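J.: Below you'll find the structure I mean.
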Amino acid sequence: LPGYITWIKTLPCRNGHQGPVDPSPPNFFKSQMRKGPDPLALPECRECHNDYEGNGFPDEEPRLAAAALYLLQAIYEGRLKWVG
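Going by the numbering used here, the first residue of the sequence shown is number 247, and it counts up by one from there.
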C-alpha cells in the first residue's frame, strides 16, 4: 500500500517528537524474515523507530490498537477504500 505509507510519512510522530517520520511496522513478523504489513505501520520519528527496533519484542497489543486507529483514519479521510 504505497499510498498509505506515503500518507503515514506526512503525519507527526505518534509520540509527539519532532523530525522526519518513518513508517514503523510491527516487529512480530520479523521472525518470519519479513517486515510487518503496511496497514500496521505507525508514524514514528527515527529516534522512536530506532528505540522500538532496539527493544526486541515489546508488547505489540497497544501498537496494533494504534495501527487500527490510523487505518480507520485513512479510510475515513478517503485515503484507503474498501474494495469488494
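No residue lacks a Cβ here, since even glycine has one placed at the ideal position from N, Cα and C.
Since the model is a prediction, treat every value here as computed from it, not as a measurement.
Classify Glu-290: buried if its beta carbon has 16 or more other beta carbons within 10 angstroms, exposed otherwise.
T.: Here residue 290 is taken as the residue at index 44 of the sequence shown, counted from 1. Classification of Glu-290: buried, given that the 10 Å Cβ count is 16 or more.
J.: How is the beta strand (DSSP E) around Leu-288 delimited, first residue to last?
T.: Reading the sequence shown from its first residue, position 42 is the one you call residue 288. Where Leu-288 is concerned, the enclosing beta strand (DSSP E) stretches over 288-291.
J.: For the alpha helix (DSSP H) that Pro-248 lies in, which residues bound it at each end?
T.: On the sequence shown, residue 248 is found 2 positions in, with the first residue counted as 1. From DSSP, the alpha helix (DSSP H) with Pro-248 extends over 248-256.
J.: Report the option in Ala-320, Glu-323 and Pro-285 whose CA atom is closest to the CA atom of Arg-309.
T.: As a working note, residue 309 is residue 63 in the sequence shown. It is Pro-285.
J.: Of all the options Cys-294, Arg-260, Cys-259 and Asp-268, which has the alpha carbon lying nearest to the alpha carbon of Thr-252?
T.: By 1-based counting over the sequence shown, the position of residue 252 is 6. Ranking the options by Cα distance to Thr-252, first place goes to Asp-268.
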